[in-house]
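Enquirer:
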Amino acid sequence: MINRVVELLKQEGFVNDENDQIVMAGLQKMMHIVLDIIFTVLCSWSLGDIMAGLVYGTAYGILRVYAGGYHAKSKTVCTILTYLSIIVSLTAIFYVPYHRHIIYFLLAICIGVIVCTAPVESVNKPLSKLEKKMFYRYCIGILLAEVLLCCIFVRLGFSLYAKAVSVAILQVVIGMGVVKRK
């Protein structure tokens, strides 16, 4: 399907032989993101709250880009690990009992880990010096916004959404730790 889209873009003059591989890689990445969103929505729908899944997926996806972490060597391993982590995270969000103090404690630990270690490079995705500096700034800004959002959810009594944001941040920290251990 992606090959067909690239061919159509070539016919229309938007893509040529010099950039077709870049366009194809971008379309493949976009397809994976769409499939991840669909999977998250289906899982959270089956658990009873689509919005909680979207809050989790958005918080995780945005922070993960700039915090860094594990990158699998193959697309198959990446897909399997992604879907397993979504299932585990959503299960925790929906079934682990809510305690405001535990969320605050986890957030404090996660903030410390991210501030001290972000961005984490993977062997499969190294960063330049400039990228590290830029990613760190974005990461801290996003982290602070997500922590604030989590606290607002707690304050407003939206415990499921507070858990969704805190689990997303915790999952990013776990992914960062996998790389740091190696």
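Using the numbering used here, the first residue of the sequence shown is number 227, and each one after it goes up by one. Glycine residues also receive a C-beta, built at the ideal position from the N, C-alpha and C atoms.
Express the C-alpha separation of D275 and G345 in angstroms, rounding to a whole number.
Expert: Strictly speaking, residue 345 in this sequence is Pro, with Gly absent from that position. The straight-line gap from Cα to Cα measures roughly 32 Å.
Enquirer: Hey, how far is the Cα of I228 from the Cα of V241?
Expert: Answer to the nearest angstrom: the Cα atoms are 13 Å apart.
Enquirer: Under 7 Å, do T343 and M402 count as touching if we go by C-beta distance?
Expert: Yes, they are a contact pair.
Enquirer: Counting only the same chain and skipping the five closest in sequence on each side, list residues whose C-beta sits under 6 Å from that of D246.
Expert: Same-chain partners within the cutoff: V232.
Enquirer: If V393 and A318 are in contact, beta carbons under 8 Å, what's the gap, nearest whole angstrom?
Expert: About 5 Å; that satisfies the 8 Å criterion.
Enquirer: Count the other C-beta atoms from every protein chain shown that fall within 10 angstroms of the C-beta of F379, then say buried if there are 16 or more, exposed otherwise.
Expert: Answer is buried; the Cβ neighbour count reaches 16.
Enquirer: Which class does S300 belong to by DSSP, given the choice of helix, strand or coil?
Expert: In the structure shown, S300 sits in coil (DSSP, three-state: anything other than H, G, I, E or B).
Enquirer: Could you give the DSSP three-state label for S315: helix, strand or coil?
Expert: S315: helix per DSSP, three-state reduction.
Enquirer: Taking three-plus beta-carbon pairs below 8 Å as touching, is the stretch 282 to 290 in contact with the stretch 246 to 255?
Expert: Because the criterion of three Cβ pairs below 8 Å is not met, the stretch 282 to 290 and the stretch 246 to 255 do not touch.
Enquirer: Tell me the residue span of the alpha helix (DSSP H) that contains S348.
Expert: No alpha helix (DSSP H) holds S348; DSSP gives it neither H nor E.
Enquirer: Taking DSSP as the reference, what is the three-state secondary structure of G295?
Expert: In this structure, G295 counts as coil in the three-state DSSP scheme.
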